[in-house]
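Chains as they are written, first to last, in my numbering: chain A, 1 to 121; chain B, 1 to 121. All residues carry an ideal CB built from backbone N, CA and C; glycine is no exception. One structure below.
There are 2 protein chains.
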Amino acid sequence: MAGNIKFGKRLRELREAKLKNNPKFTLRKFAESVGISPTFLSKVERGEFDPPKAEKIIKMAELLEIDSDELLSLAGKVDPELEKIIKEQPTALPDLLRTVRGMSEAELRRLTQRARDKEDG
Amino acid sequence: MAGNIKFGKRLRELREAKLKNNPKFTLRKFAESVGISPTFLSKVERGEFDPPKAEKIIKMAELLEIDSDELLSLAGKVDPELEKIIKEQPTALPDLLRTVRGMSEAELRRLTQRARDKEDG
DNA sequence: ATGACTGTTTAGTATTAAGTAAACGTTCTA
DNA sequence: TAGAACGTTTACTTAATACTAAACAGTCAT
Numbered sequence: 001m002a003g004n005i006k007f008g009k010r011l012r013e014l015r016e017a018k019l020k021n022n023p024k025f026t027l028r029k030f031a032e033s034v035g036i037s038p039t040f041l042s043k044v045e046r047g048e049f050d051p052p053k054a055e056k057i058i059k060m061a062e063l064l065e066i067d068s069d070e071l072l073s074l075a076g077k078v079d080p081e082l083e084k085i086i087k088e089q090p091t092a093l094p095d096l097l098r099t100v101r102g103m104s105e106a107e108l109r110r111l112t113q114r115a116r117d118k119e120d121g
Numbered sequence: 001m002a003g004n005i006k007f008g009k010r011l012r013e014l015r016e017a018k019l020k021n022n023p024k025f026t027l028r029k030f031a032e033s034v035g036i037s038p039t040f041l042s043k044v045e046r047g048e049f050d051p052p053k054a055e056k057i058i059k060m061a062e063l064l065e066i067d068s069d070e071l072l073s074l075a076g077k078v079d080p081e082l083e084k085i086i087k088e089q090p091t092a093l094p095d096l097l098r099t100v101r102g103m104s105e106a107e108l109r110r111l112t113q114r115a116r117d118k119e120d121g
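So, in C-alpha cells, the structure goes:
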C-alpha cells in the first residue's frame, strides 16, 4: 500500500500513448486484459497502491509491447525467471553475482559477450 | 506448509553435530538464538513446515558456522542480497544471467575468475 | 519422586501482499 | 435527456507466508 509513483506514472504514460491509436487501452479494458480490476489499476497508476506482482507486470509489458525489465525495475521487482536460473546453479551463480557487484554496465556487457562467445564457439 | 524434508534433515544433522560439544545447540536454545519458536523449529526439522524465511536461514548458518548458500539452496530460496545486486544493474544483470543459463558449474567458475581478474588487474 | 530439561503436539494467530465490488461524478453521443 | 463509457472513491476481502502459546510425554539428575 506504500505506493510507487514512478512505476505508476510510467505505466499511465505508456498506456495512454497506446490508447491514442487503439481503443483497447482504456484503463478498464487494459485492466481486464492484464487480469486485474480497474479499481486496482487506477490506484496503481496514481501511486496509491504498490505495483502488482511480477507476473502481471510482465503481462502488461507484453500488451504494451515493451521490454518487461523496464517496468519490473521501476516496480523494484526482479523477473522471477532469474530466481529459477539462480536455483539451477545455487552456489556458482551467487558467487558470480557477488563478484560482479559494482562493475559498470559496460563491463557487464563485455562479460556477457564473452560468455556468449564461449557458448557459440 | 508443504514441508521440505531435505532442508529439515540437514538442519537437524548440523545442529546435532554442534550439540555434541556445545549445549547451546539444543532445539529450544538454538530456536531462541535464531529468533523463532521451538514449536516452529521442531516442525521445520521434521519437514512438517516449510523452512523459515531467508533472513532466519542466514542466521542459522552463522550460528552453525557454515556457508549460508547450502541451507538457502536446500530451502529452495535465494539470498535476498542477490536481488539487491540485480536491482543495482537491472538490465545488464538479467541479460547476463539469461546468457549463462545452462552453463556448467566449471564454466561458471571460469567466468567468475575472469570477472575477478578484471577487477584486480 | 520431584524439578528441570528434552523434543513434540494441538490448536490456532499475525502479517503482508495483492487484490475486489459496487457506487459515484463526469463527459460524450444519439 | 438517456444510455454508455470513462476514471475514481469507498469500503472491504482473499490468499499466502510465516509463524506462536501452552500443554504434553519422556528422560535424567538429585
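Residue i at chain B interface by Cβ criterion, 8 Å
i: A:D95; result: yes
i: A:L14; result: no
i: A:A54; result: no
i: A:I85; result: yes
i: A:R28; result: no
i: A:L19; result: no
i: A:A115; result: yes
i: A:G181; result: The structure shown does not extend to residue 181 of chain A, since chain A is modelled only from 1 through 121, so no value can be given for it.
i: A:L71; result: no
i: A:K118; result: yes
C-alpha gap between residue i and residue j, whole angstroms
i: B:L63; j: B:K53; result: 16 Å
i: A:K93; j: B:L108; result: The question names Lys, but residue 93 of chain A in the sequence shown is Leu. Answer to the nearest angstrom: the Cα atoms are 7 Å apart.
i: A:K9; j: A:K20; result: 17 Å
i: B:I57; j: A:N22; result: 49 Å
i: A:V34; j: A:L27; result: 10 Å
i: B:A61; j: A:G47; result: 38 Å
i: A:P90; j: A:R101; result: 17 Å
i: A:K118; j: A:K87; result: 22 Å
i: A:R12; j: B:R110; result: 44 Å
i: A:E65; j: A:I85; result: 24 Å
Assigned exposure category for residue i - 16 Cβ within 10 Å defines buried
i: B:P51; result: buried
i: B:I5; result: exposed
i: B:E105; result: exposed
i: A:S68; result: buried
i: A:Q113; result: exposed
i: B:A31; result: buried
i: B:A115; result: buried
i: A:S37; result: exposed
CB contact check: residue i to chain A, cutoff 8 Å
i: B:K9; result: no
i: B:P90; result: yes
i: B:E62; result: no
Check: residue i C-beta below 7 Å from any heavy atom of the ligand GTP
i: B:I85; result: Absence of the ligand GTP from the depicted structure is noted, as is the absence of any ligand whatsoever, leaving it without description.
Would you call the stretch 32-43 of chain A and the stretch 73-84 of chain A in contact, with 3 or more CB pairs under 8 Å?
-> Look at the beta carbons and you see the stretch 32-43 of chain A not touching the stretch 73-84 of chain A: under three pairs across the two are nearer than 8 Å.
Counting pairs of beta carbons, one from the stretch 97-117 of chain A and one from the stretch 95-112 of chain B, are three or more of them closer than 8 Å?
-> yes
Taking only runs of the alpha helix (DSSP H) that begin and end inside the stretch 21-69 of chain A, which ones reach a length of at least 4 residues, in chain order?
-> DSSP runs (the alpha helix (DSSP H)) wholly in the stretch 21-69 of chain A: 27-34, 38-45 and 54-64.
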